[in-house]
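Positions 31 to 295 (this note's numbering) are the ones given, in order, by the sequence shown. Here is the structure we will look at.
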Amino acid sequence: MSKFSCGTHGAAWLTLIGWLVPVALHGQILETETARPIGRNVLEVSGNFEYQFSSDGREAALPFALEYGFSDRLEFLIEPVAYTSIRPKVGSRATGVGDLETTLTYLLHRETGGSPAIAFAGEVKFPTAHNTLIGTGKSDFAGYLIASRMFGRLDTHANLGFTVVGKPAGSQLKNIFNFALGGELQMSPRTSLFGEVLANTASASGGEPAPGAPTGAVAEAPAGEIVGTVGIANYIMPWLRLSGGMSVDNNGAVMFRPGFTIRRP
């Protein structure tokens, strides 16, 4: 939970993908999971560039998301992080690929006039990062209960999750709870505003270790955090949707997150 930048060649490949496969992208503009399946045999492709800065330093990352609908109720999501850069003001720096997350989501109940859509998701994080400043080196397993409901032009989503955190040797990490509330307000056929609040409990007893923490500390262990995000998304072409968001967390870190989605007309 879970960063995009590409040159001319990258843009050409993304355009080609959009024309070769039936893509229907509502887009990875929210970290909050949704109980609205993308549909049978539909492939969703998206990417973002994330740049974060705070008094401790700066970070950048380039994640992608590919989602496929096996049926009208079941879909699979894979989220690789192609590039991560961590540049603290004090302590070690790190550059490399991030961890890989895969999620299987099943729609349990469709939305009706009196009740929201309900879905369940199971997520596995594979430790593809090779630096403990980027990942813990262990797999995590998570489950999410997801609810979505429309209120006029406002589509809302709520998540409640629990993560079994992989524990490196010598660490005393705790499993964590995850919470999320998000929404997308349709302003016009092409433009929407979005926002969300994400929160999780801390895995390490003292929160996330500071840069330069002693040997044995797990730098990327999840800290207790609350993050608020607002943004805007717009279809500049029938097959191309661009988005931009800004997030602020309870530690004062600010993140900018431009992204894209592609759709075949």
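Note that the Cβ used here is the ideal one computed from N, Cα and C, for glycine as well. Note that this is a predicted model, so its numbers are computed, not measured.
Item                                                                                                                                                                                              : Value
Rounded to whole angstroms, what is the Cα-Cα separation between residue 228 and residue 268?                                                                                                     : 31 Å
To the nearest whole angstrom, what separates the beta carbons of residue 129 and residue 159, a pair I think is in contact under 8 Å?                                                            : 5 Å
Is residue 61 near residue 255, with beta carbons less than 8 Å apart?                                                                                                                            : no
Between the Cα of residue 289 and the Cα atoms of 133, 218, 275, which residue gives the shortest distance?                                                                                       : 275
Comparing C-alpha positions only, which one of 138, 261, 164, 121 sits nearest to residue 217?                                                                                                    : 261
Ignore the nearest five residues each way along the sequence and tell me which others in residue 116's own chain have a CB closer than 7 Å to its CB.                                             : 89, 123, 124, 163, 164
Roughly how many angstroms lie between the CA atoms of residue 295 and residue 112, to the nearest whole one?                                                                                     : With a pLDDT of 31 at residue 295, under the threshold of 50, the predicted position of this residue should be treated as unreliable, and no value is reported.
Could you tell me the distance, in whole angstroms, from the CA atom of residue 126 to the CA atom of residue 91?                                                                                 : 9 Å
Scan the segment 88-146 and note each continuous beta strand (DSSP E) run of 3 residues or more that stays entirely inside, going in chain order.                                                 : 104-109, 111-118, 124-126, 130-139
Please go through the same chain and pick out, in chain order, the residues whose beta-carbon is closer than 6 Å to the beta-carbon of residue 96, but skip the five residues on each side of it. : 75, 108
So does the segment 170-187 actually touch the segment 143-152, counting three or more Cβ pairs closer than 8 Å?                                                                                  : yes
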